[in-house]
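Residue numbers (my numbering), protein chains in the order written: chain A, 462 to 654; chain B, 462 to 654.
2 protein chains.
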Amino acid sequence: MRRVAQALDTGPASLYVYVANTAELHAAVLDELLAGLPEDGTGPWRTRLDVLLRGYADLLFTYPGLARSALVLRPVGGNALRLYDRVLGLLLEGGVPADRAAWGVDLLLLYVTSNAAEHSAPAPGDIDASADENAKTSALEHALRSADAEATPHVALHVDQLLGGTPAERVAWTLQVLITGIAATPTTVAGDS
Amino acid sequence: MRRVAQALDTGPASLYVYVANTAELHAAVLDELLAGLPEDGTGPWRTRLDVLLRGYADLLFTYPGLARSALVLRPVGGNALRLYDRVLGLLLEGGVPADRAAWGVDLLLLYVTSNAAEHSAPAPGDIDASADENAKTSALEHALRSADAEATPHVALHVDQLLGGTPAERVAWTLQVLITGIAATPTTVAGDS
DNA sequence: ACCTGAACACCGTTCAAGT
DNA sequence: ACCTGAACACCGTTCAAGT
Numbered sequence: 462m463r464r465v466a467q468a469l470d471t472g473p474a475s476l477y478v479y480v481a482n483t484a485e486l487h488a489a490v491l492d493e494l495l496a497g498l499p500e501d502g503t504g505p506w507r508t509r510l511d512v513l514l515r516g517y518a519d520l521l522f523t524y525p526g527l528a529r530s531a532l533v534l535r536p537v538g539g540n541a542l543r544l545y546d547r548v549l550g551l552l553l554e555g556g557v558p559a560d561r562a563a564w565g566v567d568l569l570l571l572y573v574t575s576n577a578a579e580h581s582a583p584a585p586g587d588i589d590a591s592a593d594e595n596a597k598t599s600a601l602e603h604a605l606r607s608a609d610a611e612a613t614p615h616v617a618l619h620v621d622q623l624l625g626g627t628p629a630e631r632v633a634w635t636l637q638v639l640i641t642g643i644a645a646t647p648t649t650v651a652g653d654s
Numbered sequence: 462m463r464r465v466a467q468a469l470d471t472g473p474a475s476l477y478v479y480v481a482n483t484a485e486l487h488a489a490v491l492d493e494l495l496a497g498l499p500e501d502g503t504g505p506w507r508t509r510l511d512v513l514l515r516g517y518a519d520l521l522f523t524y525p526g527l528a529r530s531a532l533v534l535r536p537v538g539g540n541a542l543r544l545y546d547r548v549l550g551l552l553l554e555g556g557v558p559a560d561r562a563a564w565g566v567d568l569l570l571l572y573v574t575s576n577a578a579e580h581s582a583p584a585p586g587d588i589d590a591s592a593d594e595n596a597k598t599s600a601l602e603h604a605l606r607s608a609d610a611e612a613t614p615h616v617a618l619h620v621d622q623l624l625g626g627t628p629a630e631r632v633a634w635t636l637q638v639l640i641t642g643i644a645a646t647p648t649t650v651a652g653d654s
């Protein structure tokens with residue numbers, strides 16, 4: 462709030478004329494940015510869904526603070542609704558039954574959002590995000606590699622696979638997992654399909 | 462930090478003798494709490510996996526601040542490793558190929574963590590979390606119900622399904638989606654299976 | 001050597017006082 | 001009626017000074 466106010470050459474109190482709190486400000490900024498998502502192209506639905514979700518992911522990676530905000534307070538602005546609609550539309554185009562597709566939208570966007578939030582340094586010391594990222598990765602790697610084979614036999618046996626793959630490979634795999642699972646798993650709710 | 466220090470009848474500076482920062486303190490507390498997860502029982506692996514993940518979810522729902530911390534800084538303490546090991550072991554027991562199971566552990570725990578973080582009020586005004594929860598739900602419901610049928614036709618057509626299901630039903634469905642997808646989706650990495 | 005009081009550098013939010 | 005300076009009530013972290 463204080464930084465935004467400063468950029469607008471006023472005091473932080475002035476912002477409260479337009480937004481109720483920081484969460485609302487974040488939501489408004491995010492919805493504005495969502496207008497910049499690439500338009501739908503041509504090609505198979507699966508590819509277009511990938512492009513759309515990656516576009517959203519890129520946006521959230523660029524502004525990790527917004528990813529954290531979007532996680533606790535779901536975006537409900539006009540552009541966010543259009544994003545939901547596009548994801549839902551693509552799943553339906555792919556032949557996913559409506560009830561599964563409806564719940565699946567939530568899951569896909571939750572994954573993209575939380576993945577972006579996860580790979581983000583905590584807000585304050587935002588000076589060197591990639592150094593922080595490396596520190597986190599090597600802390601995890603060290604913990605897994607020095608795992609006790611007695612206490613955690615499966616981890617010890619499969620360290621290389623636990624740590625394997627590039628971030629891009631893992632994201633691609635995870636999206637495939639989600640879409641496959643969504644298409645294959647009936648909901649408990651009766652309804653059209 | 463200040464609250465913890467006060468509970469220990471000292472100043473906040475004293476804590477920095479034992480931890481480097483707030484993130485480390487959170488990680489230590491979480492790992493301590495993870496020791497209280499229920500032991501593995503008997504029955505089909507799928508049920509035991511559900512019980513384990515729900516136990517973790519309950520813990521994170523009880524301390525939403527820890528869920529947010531665990532999201533940005535992965536737990537790597539001894540008890541966290543045991544949790545990874547148990548989840549990995551159960552997937553392997555279920556016949557999931559090792560490479561998929563290894564990546565799947567990450568995804569399952571990310572989902573549980575981010576779901577807990579999502580359903581948590583922002584830290585400061587933690588007075589009435591359920592009121593905040595209701596406000597968020599009705600804001601989402603209102604946004605979806607008043608969706609423009611022109612701009613977002615799929616959303617307009619499937620509002621009831623988008624909003625349908627109890628939280629418990631959605632969690633159960635999502636876990637099924639994840640496990641189904643994990644078991645069915647080959648990784649891009651060559652290796653044992 | 002180990003601990004800590006006090007200060008530093010921030011936050012978001014409120015409200016009385018201004019125009 | 002609309003805007004905002006200044007204050008309030010917090011944070012996490014540092015470091016010089018104490019024991």
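Even glycine gets a Cβ: it sits at the ideal position worked out from N, Cα and C.
Does any residue of chain B bring its CB to less than 7 Å from the CB of Arg507(A)?
no
What do you reckon, are the CB atoms on Leu521(A) and Ala577(A) nearer than 7 Å?
yes
Whole runs of the alpha helix (DSSP H) within the segment 553 to 632 of chain A, excluding any shorter than 4 residues:
559 to 579, 590 to 606, 614 to 618, 620 to 624
His619(B): contacting residues in chain A (beta-carbon distance under 8 Å)
Leu549, Ala559, Ala562, Ala563
Minimum C-alpha distance to Leu549(A) - residue among Thr648(B), Val638(B), Val616(B)
Val616(B)
Helix, strand or coil at Tyr517(A) [DSSP, three-state]
helix
Member of Asp470(B), Ala531(B), Ala559(B), Glu630(B) whose CA lies at the smallest distance from the CA of Asp511(B):
Glu630(B)
Going by C-alpha to C-alpha distance, which of Val490(A), Val573(A), Val533(A) sits closest to Gln637(A)?
Val573(A)
Gly556(B) versus Ala644(B) - alpha carbon distance
8 Å
Any Cβ of chain B within less than 7 Å of the Cβ of Asp511(A)?
no
Cα separation between Arg535(B) and Ala559(A)?
35 Å
Considering only C-alpha positions, which residue in the set Pro647(B), Thr635(B), Val478(B) is nearest to Pro647(A)?
Thr635(B)
Answer with yes or no whether the minimum CB distance from Gly555(B) to chain A is below 7 Å.
no
What do you reckon, are the CB atoms on Ala562(B) and Leu553(B) nearer than 7 Å?
yes
Since Ala600(B) and Leu542(A) should fall inside the 8 Å C-beta cutoff, what is the C-beta to C-beta distance between them, to a whole number of angstroms?
Actually they do not touch by this definition, with Cβ atoms about 12 Å apart.
When Cβ atoms are compared, which residues of the segment 592 to 618 of chain A fall closer than 9 Å to chain B?
Lys597, Ala600, Leu601, His603, Ala604, Leu605, Ala608, Asp609, Ala612, Thr613, Pro614, His615, Val616, Ala617, Leu618
Using the C-alpha atoms, what's the distance from Leu551(B) back to Thr508(B)?
10 Å
Do you know offhand how far Ala592(A)'s Cα is from Glu602(A)'s?
15 Å
Pro499(B) - DSSP class collapsed to helix/strand/coil
coil
Classify Val566(B) as buried or exposed, calling it buried when 16 or more other Cβ atoms lie within 10 Å of its own Cβ.
buried
Of all the CB atoms in chain A, is at least one closer than 7 Å to the CB of Gly502(B)?
no
Per DSSP, what kind of secondary structure is Asp546(A) in: helix, strand or coil?
helix
Do Ser575(A) and Leu532(A) count as a contact pair if the criterion is CB distance below 7 Å?
yes
Please state whether the Cβ-Cβ distance between Asn736(A) and Ala474(A) is less than 7 Å.
Coverage of chain A is limited to positions 462 through 654, which leaves residue 736(A) absent and any answer about it impossible.
Quick one: grab the DSSP three-state call for Asn540(A).
helix
Under DSSP, the alpha helix (DSSP H) around Gly526(B) begins and ends at which residues?
525 to 533
Chain B contacts from the segment 471 to 491 of chain A (Cβ-Cβ distance under 7 Å):
Ala484
Hey, could you find the ends of the alpha helix (DSSP H) Ala481(A) is sitting in?
Note, Ala481(A): premise wrong, no alpha helix (DSSP H); not H, not E.
Minimum Cβ-Cβ distance from Val537(B) to chain A less than 7 Å:
yes
So with CB distances below 7 Å, who are the chain B contacts of Asp519(A)?
What Asp519(A) touches in chain B: nothing, since even the nearest Cβ is about 19 Å away.
For the candidate residues Thr649(B), Val650(B), Pro628(B), whose alpha-carbon lies nearest to that of Arg515(B)?
Pro628(B)
By the DSSP assignment, the alpha helix (DSSP H) with Ala474(A) in it spans what residues?
Per DSSP, Ala474(A) belongs to no alpha helix (DSSP H) and is neither H nor E.
Leaving out five residues on either side along the sequence, give the residues of the same chain with a beta carbon under 8 Å from the beta carbon of Thr523(B).
none
Beta-carbon proximity of Asp501(B) to Gly538(B), cut-off 7 Å
no
Among Met462(B), Leu623(B), Pro499(B), Asp470(B), which one has its Cα closest to the Cα of Val480(B)?
Met462(B)
Answer yes or no: do Ala466(A) and Leu476(A) have a C-beta to C-beta separation smaller than 7 Å?
yes
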